[in-house]
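Trainee: Pasting a structure here, questions to come.
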Amino acid sequence: MSPETQIAIAFALLYADHGEDKLAGILLLQEQLIPQGAIRHTTHLPEFAQVFQDGTIHDWSTTDWFCMRVLKHNGEK
């Protein structure tokens, strides 16, 4: 499966209704896509921001998971 397809799946999971699906998307980003170098924070950061702006990620648990498992890598680059 191409990185672009995997990224699309990760974002589809982030936009799902259930927290468990969102966490699966976060783990896909953290464990597969970021280590592969498929996530470019300069490119994907606006998409990451959108999930907060539109309320897709709003509860404390999902916010914490997303920040600690995905966004923290932005500061490491």
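Each residue of the sequence shown is one higher than the one before, starting from 1 at the first, in the UniProt record's numbering. By construction, the Cβ of each residue, glycine as well, lies at the ideal position given by its N, Cα and C atoms.
Assuming contact is defined by CB atoms lying nearer than 7 Å, are I39 and R69 in contact in what I supplied?
Mentor: One-based indexing of the sequence shown puts residue 39 at position 39. One-based indexing of the sequence shown puts residue 69 at position 69. No; because the gap between Cβ atoms is not below 7 Å, this pair is not in contact.
Trainee: Does the distance from the C-beta atom of A12 to that of L29 stay below 7 Å?
Mentor: Along the sequence shown, one-based indexing puts residue 12 at 12. Along the sequence shown, one-based indexing puts residue 29 at 29. No, the Cβ-Cβ distance between A12 and L29 is not below 7 Å.
Trainee: So the candidates are T43, G55, A16, I57; which of them puts its Cα closest to the Cα of N74?
Mentor: Counting from 1 along the sequence shown, the entry for residue 74 is found at position 74. It is T43.
Trainee: For the alpha helix (DSSP H) that H41 lies in, which residues bound it at each end?
Mentor: Taking the sequence shown and counting its residues from 1, one reaches residue 41 at position 41. Where H41 is concerned, the enclosing alpha helix (DSSP H) stretches over 41-53.
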